[in-house]
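This report refers to the structure that appears directly beneath it.
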Amino acid sequence: MGLFALSQLALKLFRLDGGMSGTRVEGGRRRAKAAKRAVALTAAAGFVVVLALVRQGHPASGASSTRNVPQSTGSSSSSSRSSEDDSSLDGGTLAPPSSQSPPAASHTS
Amino acid sequence: MSAIDWYTARAAGVVAYALLTGGVLLGVLLAGRARLPCWPQFAVTDVHRFVALLTGAFVLLHVYTLLLDTYVHTSVAAVLVPGASSYRPFWVALGTVALELLAAVGISNLFRKRLGHARWRRIHYLTFVVWAAATVHGMGAGTDAGAGWLRLLYVVSVGSVTAAVAWRVGARRLAPARG
Numbered sequence: 001m002g003l004f005a006l007s008q009l010a011l012k013l014f015r016l017d018g019g020m021s022g023t024r025v026e027g028g029r030r031r032a033k034a035a036k037r038a039v040a041l042t043a044a045a046g047f048v049v050v051l052a053l054v055r056q057g058h059p060a061s062g063a064s065s066t067r068n069v070p071q072s073t074g075s076s077s078s079s080s081r082s083s084e085d086d087s088s089l090d091g092g093t094l095a096p097p098s099s100q101s102p103p104a105a106s107h108t109s
Numbered sequence: 001m002s003a004i005d006w007y008t009a010r011a012a013g014v015v016a017y018a019l020l021t022g023g024v025l026l027g028v029l030l031a032g033r034a035r036l037p038c039w040p041q042f043a044v045t046d047v048h049r050f051v052a053l054l055t056g057a058f059v060l061l062h063v064y065t066l067l068l069d070t071y072v073h074t075s076v077a078a079v080l081v082p083g084a085s086s087y088r089p090f091w092v093a094l095g096t097v098a099l100e101l102l103a104a105v106g107i108s109n110l111f112r113k114r115l116g117h118a119r120w121r122r123i124h125y126l127t128f129v130v131w132a133a134a135t136v137h138g139m140g141a142g143t144d145a146g147a148g149w150l151r152l153l154y155v156v157s158v159g160s161v162t163a164a165v166a167w168r169v170g171a172r173r174l175a176p177a178r179g
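Protein chains in written order, with the numbering used here: chain B, 1 to 109; chain L, 1 to 179.
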């Protein structure tokens, strides 16, 4: 009796019983469900981690990964911005304002 | 508005790209009829669809938070019309193209039966264009493109998709030789 229980446990451990009690279809469904849950959780966790990473990259935090942060001119000539326009900023001193909008932004809300 | 919109937009874009890569890899596995132990085809298809839906959700979050953001001042036109953005027009245009093609692929999935398998499949191949455009968009428009962790993500993504496509092409060439 004890040997039978042990063998069943071994089968389950090594997933030789298919990893589940039902059919192969049931097993597939269960695996898909578990995988979808894992993907959703990983995406949510990844989002939080990336959010922290991009915040750490803020010049105010001392990191330098945001060297290409767009220039917030706040003027009417914003259409002339390009990827090169922050090249003279010595390592990226510009970043999204942490607490306020650009000084001369045209929005009113 | 605070800088959180800007950070959220960037984080959502990165996660959407990682999910898109995962979806492409699963799609290539499915197309190549790869046999995974204990994973029936329908289960892989189910996960592939879920990853695609989640990608769409994060893309929408990316776009929505960009519209809210007062830092770059992205307009609806800039999101929908390639080249209309004043911020890094070319790189943002690639994102717009990727977004619209992704929407087209998504819509084609809804009309799969009506389109027929061959036509649906041809449209579905556009996902590769979406992925390529998203990669270049992220590298060019992403303000964190120079960060080590993001470079690593791009290297892993490009490497894995290239390897998967090479495997798929190789498997297709070998198939007639076997038969």
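Don't be surprised by glycine CBs; every beta carbon is placed ideally from N, CA and C.
Residue contact check for F50 of chain L against chain B: a CB pair falls below 8 angstroms.
Inter-residue distance for V59 of chain L and A40 of chain B is about 15 angstroms (C-alpha atoms, whole angstroms). For F50 of chain L, the enclosing alpha helix (DSSP H) starts and ends at 41-68.
Closer than 8 angstroms to the CB of W131 of chain L there is not a single CB belonging to chain B. Within the same chain, Cβ atoms closer than 8 angstroms to the Cβ of G56 of chain L are found at L102, G106, the five residues on either side in sequence being excluded. In the DSSP annotation of this structure, the continuous segment of the alpha helix (DSSP H) that includes H124 of chain L starts and ends at 117-124. Annotation for D5 of chain L: the continuous alpha helix (DSSP H) segment containing it runs 4-31. Residue nearest to V15 of chain L within the set B:A44, B:Q56, B:R55, B:A52 is B:A44 (criterion: CA-CA distance). By the Cβ-count criterion, F42 of chain L is exposed, with fewer than 16 other Cβ atoms from all chains shown falling within 10 Å of its own Cβ.
Going by DSSP, F90 of chain L is part of the alpha helix (DSSP H) stretching over 89-110. For Y7 of chain L, the neighbours in chain B by C-beta distance under 7 angstroms run, in chain order, L51, V54, R55. At a cut-off of 8 angstroms between beta-carbon atoms, R33 of chain L makes no contact with chain B. By the rule that beta-carbons nearer than 8 angstroms mark a contact, P82 of chain L does not touch chain B. Our two residues, T74 of chain L and T8 of chain L, have alpha carbons roughly 14 angstroms apart in a direct line. The beta carbons of T96 of chain L and V72 of chain L sit no closer together than 8 angstroms. With the rule of 3 Cβ pairs closer than 8 angstroms, the segment 131-146 of chain L does not count as touching the segment 109-117 of chain L.
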